[in-house]
């Protein structure tokens, strides 16, 4: 659980011993600054400059593990030290969604396939536990051939049964998973068969271009069937993987350690002897730890501030690398539409109209974000800027229109409601901005700030009126962005939103092979969501990554949950 005690740094010499203590994140008052904050030179200045180039990998029967094409010039030894801003709700990688979990677990597990950590900003798929894969002529059957000699950290051989069990665990909560956030992404899987111990056959209901990319994110690691069964499905406190690092220790409120797996199935990996993470809630303390080299890497959650990024560029660029990446994650508010008051669409529309999105970007992201309103990230699948400029509330708030909607809903003077908020700073920032915006039309939003684990549990159970927070996926594809959060019955459909026509369009676009035709359907889905407003978006984020230049083999990813892949990282000294 997250600690809320304040930390006083009495001296830089004492910093190492104090790193784990952390302190409560300081809330940012939603008051416009007297002068604009200078944006670092490396920050993207346009949406186009920030966006990745999506290039899904074509299934290949001759695909080989990506490590074979990577240079072998890295230096062995050393411990990578990182600073991160929160405790994991649990260690169950099939259950959790937050970066705090994957900071620990991503180095301990493998997927069948993965998004190449050296290939960003392109979404390039490379093999992991699968040595290669083949696709049937009808585009519905994938056959994966496993690498030879891979073992779990307890020495047990990895077999096709583990792969089938892992995917079935995500698809079927009856296998002991309390919640399954990615069930929707495997909704097209008709069956999974294991012809032998080294091959897995996945049959889809229909050809799905996004399937390979979906299962390549960190959300789909393969877990040991025998350990999960031994634990009766409860993997919240257990980490037994196959990856380059083994779980060593964890202390809530302090930090965690990983150690090198000497029997890793990929030859000459990993380079590092281990990874050590420190929990440092306060951004000023974490930045001090980075500047004084008590940590080598600033983990991108929560984000570094613009003044801090500018300080690195101006004074430390010879020692510390800094890179900005657009993230397919939006910040705003989700409504629980399953009951009053937010089951009334007019109230949700009024909230969206109250947002001064440009001001929110200027304050909440210090000018580095992208104005957001449509729930699809900017890029090839998003509605055009020309169309969005015609949508009320996008370019500027429409307070008169919002008040009119409140009057039509029978609450001309406004009303009170609650909003659940995570303790981390970016979530508190957006909550304060939302609170200020809706106050202009008479809505009094009481912010309920809770620890991450409490927030996640309440969100899953829909035990809230609204959520002021951040939401996103590591992929730009509509199957992920527009499916998980809005399709009826999806386990990540936190609002409880349901629109049969939207569901039909989602199913149709997922089956559409022609990109131009699919785009038309995806645009229509976004228009429906702009009208129904299950969630009101304020902005999309751009995140600064920072690390000491002696940390090599690291490329900042699109989607910060993908950031914690340590296999190729090495220390130059």
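Numbering (our numbering), first residue to last: 8 to 580. Glycine included, each C-beta is placed from N, C-alpha and C at the ideal position.
Between the CA atoms of residue j and residue i - distance to the nearest angstrom
i           : j           : result
residue 489 : residue 344 : 17 Å
residue 353 : residue 388 : 27 Å
residue 573 : residue 412 : 51 Å
residue 18  : residue 296 : Here the model assigns residue 18 a pLDDT of 32, short of 50, so the residue's position is not dependable, and the following value carries that caveat. Between residue 18 and residue 296, the C-alpha separation is close to 11 Å.
residue 242 : residue 186 : 12 Å
residue 507 : residue 110 : 38 Å
residue 102 : residue 407 : 43 Å
residue 123 : residue 571 : 12 Å
residue 561 : residue 275 : 17 Å
residue 205 : residue 154 : 8 Å
residue 575 : residue 247 : 21 Å
residue 363 : residue 325 : 38 Å
residue 476 : residue 435 : 8 Å
residue 168 : residue 87  : 34 Å
residue 258 : residue 160 : 21 Å
residue 415 : residue 454 : 26 Å
residue 6   : residue 80  : Beyond the ends of the chain as shown, which are 8 and 580, falls residue 6; an answer cannot be given.
residue 113 : residue 430 : 23 Å
residue 249 : residue 421 : 55 Å
C-beta atoms of residue i and residue j nearer than 7 Å
i           : j           : result
residue 304 : residue 89  : yes
residue 437 : residue 361 : no
residue 263 : residue 281 : no
residue 541 : residue 504 : yes
residue 193 : residue 177 : yes
residue 358 : residue 428 : no
residue 512 : residue 531 : yes
residue 379 : residue 337 : yes
residue 581 : residue 115 : An answer regarding residue 581 cannot be provided, because it is not within the stretch 8 to 580 covered by the chain.
residue 549 : residue 333 : yes
residue 440 : residue 395 : no
residue 385 : residue 377 : yes
residue 156 : residue 272 : yes
residue 484 : residue 517 : no
residue 381 : residue 141 : no
residue 190 : residue 426 : no
residue 392 : residue 313 : no
Cβ shell of residue i (< 6 Å), same chain only, five flanking positions each side left out
i           : result
residue 481 : 224, 566, 568 and 569
residue 104 : 188
residue 423 : 451
residue 341 : 474, 501, 502 and 542
residue 221 : 192
residue 535 : 509
Where residue i falls: helix, strand or coil (DSSP)
i           : result
residue 104 : coil
residue 573 : coil
residue 429 : strand
residue 382 : coil
residue 349 : coil
residue 447 : coil
residue 559 : strand
residue 368 : helix
residue 564 : coil
residue 344 : coil
residue 98  : coil
residue 362 : coil
residue 335 : strand
residue 390 : coil
residue 272 : coil
residue 321 : helix
residue 436 : helix
residue 578 : strand
residue 111 : helix
residue 306 : coil
Proximal residues to residue i (C-beta, below 7 Å), its chain only, five neighbours per side dropped
i           : result
residue 171 : 199, 201 and 207
residue 580 : 557
residue 82  : 278, 577, 578 and 579
residue 409 : 357, 360, 361 and 448
residue 270 : 158
residue 164 : 158
Own chain partners of residue i with C-beta closer than 8 Å, once the 5 adjacent residues on each side are dropped
i           : result
residue 212 : 147, 195, 196 and 197
residue 519 : 525 and 528
residue 355 : 342, 344, 349, 539, 540, 541 and 543
Which residue spans inside the stretch 460-518 form an unbroken alpha helix (DSSP H) run of at least 4?
485-488 and 507-518
Beta strand (DSSP E) runs wholly inside the stretch 113-175, at least 3 long, in chain order
Secondary structure remark: continuous beta strand (DSSP E) runs of at least 3 residues inside the stretch 113-175, in chain order: 120-122, 132-134, 137-142 and 148-153.
At 4 residues or longer, what runs of the alpha helix (DSSP H) sit wholly inside the stretch 517-553?
522-539
What runs of the beta strand (DSSP E), each 3 residues or longer, lie entirely inside the stretch 191-216?
196-203 and 206-211
Can you list, in chain order, the stretches of the alpha helix (DSSP H) that have 4 or more residues and sit fully within the stretch 213-259?
You should have 218-221 and 232-237.
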